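Q: Please find one structure pasted underneath; my questions will follow.
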C-alpha cells in the first residue's frame, strides 16, 4: 500500500532481517509498520516516533523493507489472521496490509539447522550470510539490521554453537548491524567477541524489556531512593504462545531470569530473597500476566508489601521496541558508530552496560537520539 | 536516653514543632528519632541519613527537640503503646524511649480553636506564635521548624481561615520555617502569600507522598517514556486511623485527590479517565491499602492493564519523611534560603513547582543536599 | 439459519421479549442463542444445557423467538459488529448469524417514554402490552417471557412510575411471565403487588449476579463456615459500556449496592465495614473489573486479608443467565407455576427469598429443574 | 491459670499429643487453648465452639491436656515470645499463659530419629508409644489424640519409613486416635493399612486446608455450577517460617501440590492447565501469601480471569483447625467410631473420601456433629 504513496528513493531504503520471521513478534512488526506507514493507526508505543527523535535522522517507517529466516512455513498473512483472532491485531488492519505481509513473506528464507541438516557451523553461517547479502542486493537497501526475535534457546553447553550465535555470526559476515531481542546467546558466544569487535558494526542486546522487568526498572530505584529496605522480591509469569513453552524449560528460563535479577541487584545493591517463575499457560495465547510481590522494611523495620499485576500482549509490547531498535541501530550504522551500544539499555533486560534505572536509561536514549542527528 | 550520651551544645539544637503533636505520625516521629539517635535501630527510610547527605550539614537526629500543638490530651507514651499494640512501633522500642516521649509530651500546648473558643483569628495566631516562641526560648534551640501533621481539613470556604492557616501564620510570626505535610491549606491561604514572601523564611509543602502517589510518580513517567497511551487510571484507598475518618468526608478528600491527579496530568500530558476513592475502614487501624488499575493502549491500540496494590503503615511511611523535611528545611533556614523550596518535590503530592517524575525529583533533592553543604 | 434446519412446530415456539433489545446484553443473547442452536459453539456458561436439566422440559434454544422494546434505533447486526470489534463476540460468529439478528431486529418496537411523549402511564402500559400481544400473535409462540435488560434506572421517587415498572405492568397485562435482570424497580413498584399476585404468572428477579456478588456468594459463606470474623469488605467496580455510565449516577448505584450488601449481611450475620464503588471507565468498553478487599480476624484476633480481582465481559456473563432464566420461567409458566420464584436466587443479587449462599441456591435450582420436569 | 478455676474431674480430661510440639502451630494451639479456656479471647475461627456443636459432647477446651514429641529443645514459653514479636500471638496473651505453656513444655519428649540414633524402626515405634502411654497414665486423661503438626517431609522412597509413619504407628500401638495435619505420609504408609484397620481407632487426614486450597474448595464449585470452562488455574505460594524452607524442597512440595490439585480435578471434572509454586521467603516469617490466577471461558468462549490474593498467618490459620480436629476425633473415639472419617474433609486438602466442595463438606461436618451428640 505505502509503496505507491510514499515510495522513497532506492538508496534510502533500510532492510530489517528478522530471525524468527514468522513468529508472533515478527508478524506484528511487519503488519504494524505497514499500518503506521499507511497512516492507519497512531504510532502509540513507538518511542522513535515521539518528538524527541524528530531530528535524529532515523529511517522512515515507510522506508523499512522486511525479510528474514524461519523454520516455519506458515505464511505471514495467515499468521496475522491468527493473531487477529486472538485480539492481538485489529481485524481491519490485518486485511489492509495483506500486500505488505505477502511481500515480506516472499523474502523469508529457510532457517536452521533442522534435524538431519548435515552442514557444519561454517557452512550454516555462510548459508545464512548469503541469504542476508542476497536480501540487501535484491531489495537495494542501503544497509540492513539483523534482529533476533526467535524463541528463546536453552543456555547452551560450554563451547556449543546455538542457532542464535550462528545467525549472529552470519550478520557480521554479511556486514549487517545486529540486535538480539531475546535472552539467547547471539553475539555473546565467546567465539564471536573477536569478530564482533573487528566488524566495525554496531550491535545491541539483549532480551527486550517488555513487562515485569520494565516495572522493576522503575520500582527498584523508587525503593532505593526512599531508603526502603527490600527484603524479598518474588515473581510469577504466566505466558501462553511459543515463549511460554520455551521458557517452561528451566534451562531456557535461566537465561531470562538472570536478566530479571540484574536490575534488582543493580538498583538495590543486593539481591533480595525470592524467586521468579515462568509458567507455560497455553490458554493465555499471546497474552501474559506477571505478578510481583515485594516485601520491604520501612521506618523502624515496619514490614510492608507492594504487589503488581501486569497483563499485556507479548507481541504488542515487543513489536514497537523491535522497530525502535532497528531504526536506531540502522542509523548508528549509517553514522559509523560501532560496537555495543549501552545507550540502548532502555530496551533491554540485560543491556551492554549503562545505568539500570529506567529514568537514567531514558535520558541516555534521548542523548543518543541527539547524537545520531548531529551533522556528519 | 541519648541526652546523656550525645548531648549536643545548646546552640546546636534544632526545634521541631509538630501541629498535631499527639497523632500517630507525630508519635512515630518522636519515638523513632529517639530510637535512631540512641542507635537502637538502623535508619531505614530516612533519606537524609544516606551517604549522599553526609556533607549537607543537616542537624543531627540527636540534636532535634520536639514540641507542638494538639487538641488531644492523650499523653505521647500512651499513644506509643497503642501504636505498638497495632504493630506500628516495635514493643521493645516503645519501652526504651519512654523518657523522650514524656519530655516531648511536656512541651505540647493546647491547640485550637475548640468549640466555644471566643478568640478571633488574630488572637489565635498570636497565642500559637507565643507558644512557639516560648518553645524556642525555653529549649534554647537555634531555630525551629513548624510541621503540620494534623488531620486533613475540609477544603475551606473562600475567605475562611482554617486552623492549618492559623498555625502557618503563627509560624511566620514566630520566625519559624514551615512544612505542610498534609493537603490542608496551611500557607496556601491567599491572606498568607504576602506575609510568607516577606518573612525571609523557607517553607515546603504540601501533602506527603507516602503510597499511591509515590507509585504514580514512577509509573506515570514509565508509560510516558514508552509512548504508551494511558486511557484510565482508577484508584481505591482504604485507610483506618484518623485519616480514614477525615478523608471519608468528600470535602477533605477533594484536597487530597487534587494532588494525586496532578502527578498524572503532569507526567502524561492529560488527565486520564478514572476516579480515586478514599474509604474509612477502621478495622485497618494505622494500615492502608491502595489499589490502582491502569488501562493503557499499546502498539496498534492493544488494550492492556497494570494493577498495583500497596499495603503500608501510614505512620511508618510518613514519619521518616517528616524527619527528613524538618532537617532539610532547618538547614535551609540556617543557610539563609527563603521562600518555597521546589527542590523538595520528592516528598510531596502537590509540590511548590519542580518536576513531577520521582527520578527527577530525586536528582533535584540530591543537588539541594549538595547546595546545603556548601560553605557559606 | 436454524429456522430452516430445526424449524420446530408452530405451537412449540417460545417468545423472549427483551426490554432494552438493542443493548449489549440483548445483542449477545440473540446472537449467542442463534450460534448455539446452529451448533457453532459449545454451550459454555449455559447452566440449563448441563445434564442436570435434560429432563426438565425446557424450551429448546432453537425454539426461542426474540423481540423487544428499545429507544435506540441502531440495528442489531450493527450492534453485533461493534461487540465483535471489542472482543465480546467472535468475528466469525457475528457474520454467521446476521439473518437471525436481522429477524429479531425486525420485531423490536419503539420503547419509551422519550422526552415529549404525551401519553400517561395507562396509555404507555397499554401501548407496550399491545406490542407484546402482537408479538405473541404474529410469531405464533405458545407464550412469551418479558426480560428487562435495559440500563439501570435511578431509584425512583416515592410514587413515581419508572419505565421499568411500566414495562412490567405491560407484561402482566399481556399475560407474559416476567424476569427483571436489572436492579431497577420493575415489578417491585408498590402499585404492582396486587396485579402481580392476581396475574397467575411466574416472575423472577432481580439484578443478575454476574461478578462481584457471585464471588461474595461463595466467599462470605466460607468465612462464616470457618467461624472467621469478617471486619471489613470493600469493593471497587470499574465498568465501561452503558452500565458504567448509568451506575456512575449515585442514585442508580444505590439500587445495585443494596443487592451487593444483602449477600454479606445474610451470610455473615452482620454488615461489615467497607463501601462499594462503581466507576464509569469508558475505556473498558464492555469489560469490567471488580476488586474486593476483605479484612478478617482469625484465631486470637490475628488480622488477615483476602483480595479478589474479577475481570469479565459484562455481556458474556449476563447473556447465558438471561437465556437460562427465560427458559426456566417459560417452563414454569407452562407448568402453571405462578408468583415469585425463590428457586432462582442462584441468578440474582437480590432474589425473591431463598438462601443467599451459592451452594444452597444451586441445590434449590437443581430441585426446581426436577420439579419442572415432572409429569403434569 | 484455668487449672484452678475450671479444673475438670480427672476422668474427664482429654490428651492432645502433638508431633512437632515446639513448632509455631503447636505453640499457637497450646497458648490459644489456654487463652480461650481462661476467657481471655473470643473463640474466633474455632468451628467447634459455634452453636451447631453445642450438643455434640465434645471435650471442653479447659479439659485438654497437651504433650508431644519434638527434636527441638526451645521451650514453649520462649517460642511464644518469638511468635508475639512477629505479630502472630498478642503480647499480653503470651504473658498470661506462661504457666500453661511451661506445663505443656514439661510434657514434651525427645522426637526422632536424629542423626546417629541407632534404633531400628520397631525400637523407635516402641519408644514413641511408650512416651504416649506414659503421658496418658501420668496425666490421667481418659484418652489421647496424636496430631502430626511437624514440618512436611519429602515424599519417601518406596518402602522407606518416614518419621511421620513411625509416630503414626506409635499412636496405634498406644491406642491413641490419630490426625495428620500435614501432607507427610503418616498413616498412609502401606505397612500401616492393616494395623490401622485392626486398631478400632478413628483417624483423619491429611494436610490442613488453611488458605489457597480453602479458596479453591469454594471457587472451583462456583465455576462448575455456572458451567464456566476453567482453562488454567495457576498458583504461587510465598511462605516464611519452617514450612517455606521444607516446601522449597520439590520433593516435599510434591506431596502438598497433589492435595491442591485434587480439589480442582474433583470439582471441575478435569485438571486445568497451570502449575503451583511454593517459595521459601524467610522475610515473611509466619505469614504467607497465596496468589491464584484462573483463566476461564464464558459464553461463546469469551476468555475471562479471576485472581485471588490470600495473606494469612499460617499458625493462626492452622491452630483452630487442630483444636477442632482433636476435639472431634477424641469424641469419635469416645463414641466408639473407628477408621477414616470422611466427615472431616472440611479440614483437609487431601481428605479420606467425601465431597470436595466446601459447602458439602460443611454439611457433612454438621451432620457428624449431630451424630457425635446422639445418646449412646
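Chains as they are written, first to last, in our numbering: chain A, 1 to 376; chain B, 377 to 752; chain C, 753 to 1128; chain D, 1129 to 1504. By construction, the Cβ of each residue, glycine as well, lies at the ideal position given by its N, Cα and C atoms. Please read these numbers as outputs of a predicted model, since none were measured by experiment.
What three-state label does DSSP hand residue 678 (chain B) in the structure shown?
A: coil
Q: Mapping DSSP to helix, strand and coil, what is residue 1165 (chain D)?
A: Looking at residue 1165 (chain D) - three-state DSSP - the assignment turns out to be helix.
Q: In three-state terms, what does DSSP make of residue 1199 (chain D)?
A: In the structure shown, residue 1199 (chain D) sits in coil (DSSP, three-state: anything other than H, G, I, E or B).
Q: Does any CB atom of chain B fall closer than 8 Å to the CB of residue 33 (chain A)?
A: no
Q: Taking C-beta to C-beta, are residue 1318 (chain D) and residue 1361 (chain D) nearer than 8 Å?
A: no
Q: From C:928, C:962, C:832, C:935, pick the residue whose C-alpha is nearest to that of residue 948 (chain C); which is it?
A: C:928
Q: Pull the bridge partners of residue 647 (chain B) from the DSSP assignment, please.
A: Partner(s): none; residue 647 (chain B) has no beta bridge.
Q: Of all the CB atoms in chain B, is at least one closer than 8 Å to the CB of residue 348 (chain A)?
A: no
Q: Taking any Cβ of chain B, which residues in the segment 1018-1050 of chain C have a Cβ under 7 Å from it, in chain order?
A: Closer than 7 Å at the C-beta level to chain B, one finds these residues of the segment 1018-1050 of chain C: 1025, 1026, 1027, 1029, 1031, 1033, 1034, 1035, 1036, 1041, 1043, 1045, 1047.
Q: Along the chain, which unbroken stretches of the beta strand (DSSP E) at least 3 residues long are found entirely within the segment 57-126 of chain A?
A: Fully enclosed beta strand (DSSP E) runs of 3 or longer: 64-70, 108-110.
Q: Can residue 295 (chain A) and residue 1402 (chain D) be called in contact, C-beta distance under 8 Å?
A: Taking 8 Å as the Cβ cut-off, residue 295 (chain A) and residue 1402 (chain D) do not qualify as a contacting pair.
Q: So who's on the other strand from residue 1155 (chain D), going by DSSP bridges?
A: In the DSSP output, where bridge partners are listed per residue, residue 1155 (chain D) has none listed.
Q: Per DSSP, what kind of secondary structure is residue 716 (chain B) in: helix, strand or coil?
A: strand
Q: Pull up the DSSP beta-bridge partners for residue 1330 (chain D), would you.
A: D:1467
Q: Go ahead and pull the three-state DSSP assignment for residue 1352 (chain D).
A: helix
Q: Within the same chain, show all residues whose beta-carbon is closer than 8 Å to that of residue 1055 (chain C), passing over the 5 residues directly before and after it, in chain order.
A: 983, 1047, 1048, 1049
Q: State the DSSP-derived secondary structure class of residue 767 (chain C), mapped to helix, strand or coil.
A: Of the three classes helix, strand and coil, the one that applies to residue 767 (chain C) here is strand, per DSSP.
Q: Quick one: which chain C residues come within Cβ less than 7 Å of residue 1438 (chain D)?
A: Residues of chain C passing the Cβ test: 1058.
Q: Does DSSP put residue 360 (chain B) in a helix, a strand or coil?
A: Nothing about residue 360 (chain B) can be read from this structure; chain B reaches only from 377 to 752.
Q: What would DSSP say about residue 1112 (chain C), mapped onto helix, strand or coil?
A: helix
Q: Suppose you measure from the CA of residue 1135 (chain D) to the CA of residue 1109 (chain C); what does that come to, to the nearest Å?
A: In this prediction, residue 1135 (chain D) has a pLDDT of 48, which is less than 50 and means its spatial position is unreliable; what the coordinates show is noted afterwards. Using only the alpha carbons, I get a separation of about 41 Å.
Q: With distance defined between alpha-carbon atoms, name the residue in A:270, A:147, A:77 nearest to residue 323 (chain A).
A: A:147
Q: Starting from residue 236 (chain A) and walking both ways along the alpha helix (DSSP H), at which residues does that stretch end?
A: That residue, residue 236 (chain A), is in no alpha helix (DSSP H); its beta strand (DSSP E) goes 229-239.
Q: Going along the chain, which residues of its own chain have a beta-carbon closer than 7 Å to the beta-carbon of residue 1267 (chain D), five neighbours each way excluded?
A: 1141, 1143, 1193
Q: Candidates A:214, A:248, A:246: which alpha carbon is nearest residue 261 (chain A)'s?
A: A:214
Q: Considering residue 146 (chain A), what are the terminal residues of the beta strand (DSSP E) in which it resides?
A: 143-148
Q: If residue 811 (chain C) and residue 1082 (chain C) are in contact, beta carbons under 8 Å, what's the gap, nearest whole angstrom?
A: 6 Å
Q: Would residue 100 (chain A) be called buried (16 or more neighbouring beta carbons within 10 Å of its own) or exposed?
A: So residue 100 (chain A) counts as buried.
Q: Give me whichever residues DSSP pairs with residue 1319 (chain D) in a beta bridge.
A: Answer by DSSP bridge pairing: none, since residue 1319 (chain D) is not bridged.
Q: Going by DSSP in three states, residue 728 (chain B) sits in which element: helix, strand or coil?
A: In the three-state reduction of the DSSP assignment, residue 728 (chain B) falls in the coil class.
Q: Rounded to the nearest angstrom, what separates residue 1209 (chain D) and residue 1395 (chain D) at their Cα positions?
A: 42 Å
Q: Please tell me whether residue 907 (chain C) and residue 1065 (chain C) are closer than 8 Å, where the distance is taken between their beta carbons.
A: no
Q: With three or more C-beta pairs closer than 8 Å as the rule, is the segment 122-133 of chain A touching the segment 163-179 of chain A?
A: Output reads yes: the segment 122-133 of chain A touches the segment 163-179 of chain A.
Q: Cβ of residue 617 (chain B) less than 8 Å from any chain D Cβ?
A: no
Q: Between which residues of its own chain and residue 902 (chain C) is the CB-CB distance below 6 Å, once the five residues before and five after are set aside?
A: 771, 772
Q: Does DSSP put residue 373 (chain A) in a helix, a strand or coil?
A: helix
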